[in-house]
Structures are given as structure tokens and as C-alpha cells.
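Chains A and B, in that order, give the protein sequences. Mapping of the first sequence onto numbering that gives the first Met the number 0: residues 0 to 79, in sequence order. Mapping of the second sequence onto numbering that gives the first Met the number 0: residues 0 to 79, in sequence order. Just so you know, even glycine gets a beta-carbon here, dropped at the ideal spot from N, CA and C.
Protein chains: 2
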Amino acid sequence: MARVIVDVMPKPEILDPQGKAVHGALPRLGYHAVTDVRQGKRFELEVEVADEATLAEVHALAGTLLSNPVIEDYSVRVDQ
Amino acid sequence: MARVIVDVMPKPEILDPQGKAVHGALPRLGYHAVTDVRQGKRFELEVEVADEATLAEVHALAGTLLSNPVIEDYSVRVDQ
């Protein structure tokens with residue numbers, strides 16, 4: 000078995016209200032070291048083997064089912 | 000500036016309805032290589048410098064504001 004990680008983040012030019020909400024709460028809670036926050040999704044996909052065909056399938060589903068290509072970017076990596 | 004990544008995932012023993020929903024949709028969409036899916040959150044935190052004090056603050060806010068320690072685990076790493 001292998002694990003493939005798909006990270007999905009809002010495109011840089013897209014407003015990230017969730018990230019802004021978290022960032023806005025930090026000073027009130029006494030946290031001052033963080034200058035910006037962006038929030039996205041993380042998927043852990045279990046596969047039999049992380050070969051080329053499987054990774055091609057993961058890219059296909061990441062770009063359709065797991066992310067919205069209009070407002071999000073995704074990245075795929077095999078978890079060592 | 001440095002970027003610190005906080006990944007938040009449901010604890011293994013906790014039911015993950017979002018992951019199950021994604022996994023359930025895969026065969027209908029023609030994807031068969033993925034045997035399980037878990038979904039969590041990814042935070043990208045911008046900081047001035049990723050020193051010990053800053054990372055201690057990130058751990059503190061990750062365990063309180065960014066995750067629910069009863070049902071979620073988090074991990075912190077500096078993005079190279």
C-alpha cells in the first residue's frame with residue numbers, strides 16, 4: 000500500500016475568507032507571530048501502488064472531484 | 000519571511016464522512032485505483048522567521064484554534 004497526498008489551496012488571487020477569519024482572531028487570542036493565514040484542504044489517498052497509472056488517475060480526480068480548477072490549485076505527492 | 004504548514008486530519012478512530020463521501024463517488028466517476036480517502040485541513044501560515052518561539056506559538060494555536068484535539072490530530076512543518 001502507498002499513500003498519496005493531495006493538497007488543495009485557494010488560488011493566490013482568490014479571496015480566502017476562512018484564512019482571513021483565522022488570521023483576524025489571532026491577536027485577540029494573544030498570537031502575534033503569524034502575518035498571514037491561508038486555509039485549504041488535505042486529502043490522504045490510500046492506493047495499492049503509487050505507479051504512473053495510479054498517479055495519473057490521482058491527478059485526474061484531484062483536478063475534477065477534489066478541487067475546483069477555477070478557484071483552487073492542487074498538488075500531488077507520494078507520502079514516503 | 001517563512002511559511003509554516005499545519006496539517007489537520009481526523010484521528011484514525013474517528014469517522015470521516017467527507018472522506019467516505021469522496022471515496023464512495025470514485026467508482027461512479029470511473030476511478031478505481033484509490034482504496035481509501037481521508038479529508039482534512041491544510042493551513043499555510045506566513046511568519047517573519049521560523050524560530051523556536053514562533054514554532055512554539057504555531058503549535059499552541061494549531062492545538063487550540065486550528066484543530067479540535069478531541070477528534071483531530073495536527074502536524075507542523077516549515078515549508079522549505
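- About 12 Å separates the beta carbon of A:Arg2 from that of A:Leu54, a gap too long to meet the 8 Å contact definition.
- The alpha-carbon separation between A:Ala32 and A:Gln79 amounts to approximately 31 Å.
- Membership of B:Glu43 in the beta strand (DSSP E) is indicated by the continuous run Val33 to Val46.
- Within the stretch 10-30 of chain A, those residues whose Cβ lies closer than 8 Å to any Cβ of chain B are, in chain order, Gly18, Val21, Ala24, Leu25, Leu28 and Tyr30.
- Following the DSSP letters along the chain, one finds B:Pro16 inside the alpha helix (DSSP H) bounded by residues Pro16 to Ala24.
- Residues are counted here when their Cβ sits less than 7 Å from a Cβ of chain B; for the stretch 34-51 of chain A these are Thr34, Asp35, Val36, Arg37, Gln38, Gly39, Lys40, Arg41, Phe42, Glu43, Leu44, Glu45, Val46 and Glu47, given in chain order.
- Cβ-Cβ distances below 6 Å link B:Asp15 to Pro9 and Arg37 in the same chain, with the five nearest sequence neighbours on each side left out; the list follows chain order.
- With the criterion set as a beta carbon lying under 8 Å from some beta carbon of chain B, the members of the stretch 48-79 of chain A are Ala52, Thr53, Glu56, Val57, Ala59, Leu60, Thr63, Leu64 and Leu65, in sequence order.
- For B:Ala1, the closest Cβ of chain A is not nearer than 8 Å.
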